[in-house]
Amino acid sequence: MVSFLIFLGVFLFMECVTWLTHKYVMHGLMWYFHADHHQPKYANVFERNDVFFVIFAIPSIVLFYYGVEGEMNYLFFIGLGITFYGFCYFMIHDVLIHQRFKWFKNTNNKYLIGLRKAHKVHHKHLGKEDGECFGMLFVPFKYYKI
């Protein structure tokens, strides 16, 4: 039970990490890597922005490594929470919203429609200033209205 609570707590905490990283790192210090993601049409399969997947994967890999050393410990479940959040982020952001993979083209789910609306509001700003809606899985309720 403790392992599940660690996993769940880390998963939920990652939304805070994502919001802060998106607002202050991606739209700040590391804008160079994130800027191409805000262009209307990106011609290549990969974006410079994809470097953030690698950056977020590194702590998970390290935590998995040390979490199974000897016997499985809490570090494994922290890594699992980060990894599962990353998977959900990928499915929402890259698959559902940006359609980098054409798996889920149409949805009538109010939650998913709300996420798409919030992300469109975020992308209406092509520069790094004046951004809004930096979260991914939890966005303001006003976007869920149809």
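In my numbering, each number is its position in the sequence shown, counted from 1, plus 69. Cβ atoms here follow ideal geometry from the backbone N, Cα and C, with glycine treated the same way.
Compute the Euclidean distance between the alpha carbons of residue i and residue j, then round it to the nearest angstrom.
i      : j      : result
Leu181 : Asn142 : 34 Å
Tyr101 : Met70  : 42 Å
Gly29  : His162 : Residue 29 is absent from the model: the chain starts at 70 and stops at 215.
Ile127 : Phe170 : 24 Å
Val79  : Ser129 : 11 Å
Can you give me the start and stop residues for the alpha helix (DSSP H) that residue i sits inside?
i      : result
Ile166 : Ile166 -> no alpha helix (DSSP H), and no H or E assigned at all.
Met83  : 71 to 89
Lys185 : Rather than Lys, the amino acid found at residue 185 in this sequence is Arg. Where Arg185 is concerned, the enclosing alpha helix (DSSP H) stretches over 179 to 192.
Gly150 : 143 to 158
Phe203 : Phe203 -> no alpha helix (DSSP H), and no H or E assigned at all.
Phe122 : 120 to 136
His103 : 100 to 103
*Give a yes or no on contact between the segment 91 to 108 and the segment 137 to 156, applying the rule of three or more CB pairs nearer than 8 Å.*
no
*For the 8 Å Cβ check, are there 3 or more pairs between the segment 72 to 87 and the segment 134 to 150?*
yes
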